[in-house]
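**Q** Residues are numbered in the numbering used here as their position in the sequence shown, beginning at 1, plus a constant of 462. Ideal Cβ positions, reconstructed from N, Cα and C, are used throughout, including at glycine. Given the structure is predicted, the values throughout are model-derived calculations rather than measurements. Okay, handing you the structure first.
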Amino acid sequence: MMEDFEGQLDKLLSRAKEIRGPVDMTNLSSISYYEREANIWINNVEIFYNKYLKSHALGDRIKSILFHRNGKAFGDLVACLKSIKGDREFIDKMNGIQSVNVPKYQARTLPDYDVFISHANKDKEDLVEELYQSLKALGISIFYDKESLEWGDKWKDKILDGTKKAEFAIIVISENFFDREWTENELNEFLNRQNRNGQKLILPILHNITAEQLKEKYPSVADIQGIPSDKYSCDQIALLFAKQLIKRLKSA
């Protein structure tokens, strides 16, 4: 899969840290190595600039640094890239995520949650908790039992209510998910909703299982395009979800 904008930016900054290591000024080979690697890095930044950064507020500044390439160029470019790293709005835009303004009259009809995370408790530690944090970092509204259930709630009623009030359902399907009463209740609720509405709702994640296992256990879900958890990071999954959510809002 092609790396996203933020991933490429992170690689450039990580590489810069390696290059900026201490240089032995008495060792000509050390100095020449630093200069060679720094020049290669600056060339890579120029390629990155031409692909992505011309429209950024710092674009003209970077262009000037690249043109003059004086002794401060390396450090100045690192500072610019760090500033861009902190520009969340620009990063989201370059990653294909754009904010959507919803009219007030329409906002009243929107679901309470953007997504419901259906999962087995045993998968919290190695996947679900990190996925929740990645989604939350993007400002996505999430029904996640650990955070959504409060002291004194009737948890069965609260969960069933959550399945009715979410725009999408991310279903983390693993062997731990199989044959569990409540995970399968949630799945059935979402399948029924999807069949009634005819609108995309279920977004499966295959966690440590094969497509064949999914088809054998839940044939009705096997026809829905899913993604394997070992091929995507949680941040990448969150970005993919955000794109689905924006498409839905734009079409509303």
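#1: Excluding the 5 residues flanking Arg655 on each side, which residues of the same chain have their C-beta closer than 7 Å to its C-beta?
#2: Quick one, are the C-beta atoms of Ala582 and Phe536 less than 8 Å apart?
#3: Can you tell me which of the three DSSP states Ala667 falls into?
#4: Give the range of the alpha helix (DSSP H) segment to which Asp685 is assigned.
#5: Please name the residue or residues paired with Pro573 in a DSSP beta bridge.
#6: Note down, in chain order, each residue of its chain lying with its Cβ closer than 7 Å to the Cβ of Met556, except the 5 sequence neighbours on either side.
#7: So if DSSP puts Ile635 in a beta bridge, which residue, or which two residues, is it bridged to?
#8: If you follow the alpha helix (DSSP H) that Leu520 is part of, which residue opens it and which one closes it?
#9: Can you tell me whether DSSP reads Ser580 as helix, strand or coil?
#10: Let's see if you can read the secondary structure: which residues bound the alpha helix (DSSP H) around Glu609?
**A** The structure says:
#1: Leu663
#2: no
#3: Reading off the sequence shown, one finds Ile at residue 667, where the question assumed Ala. Of the three classes helix, strand and coil, the one that applies to Ile667 here is strand, per DSSP.
#4: Segment: none, Asp685 is in no alpha helix (DSSP H) and carries neither H nor E.
#5: None, per the DSSP bridge assignment.
#6: Phe467 and Tyr514
#7: Leu668
#8: Judged by DSSP secondary structure, Leu520 falls outside any alpha helix (DSSP H); it is assigned neither H nor E.
#9: strand
#10: Asp607 to Ser610
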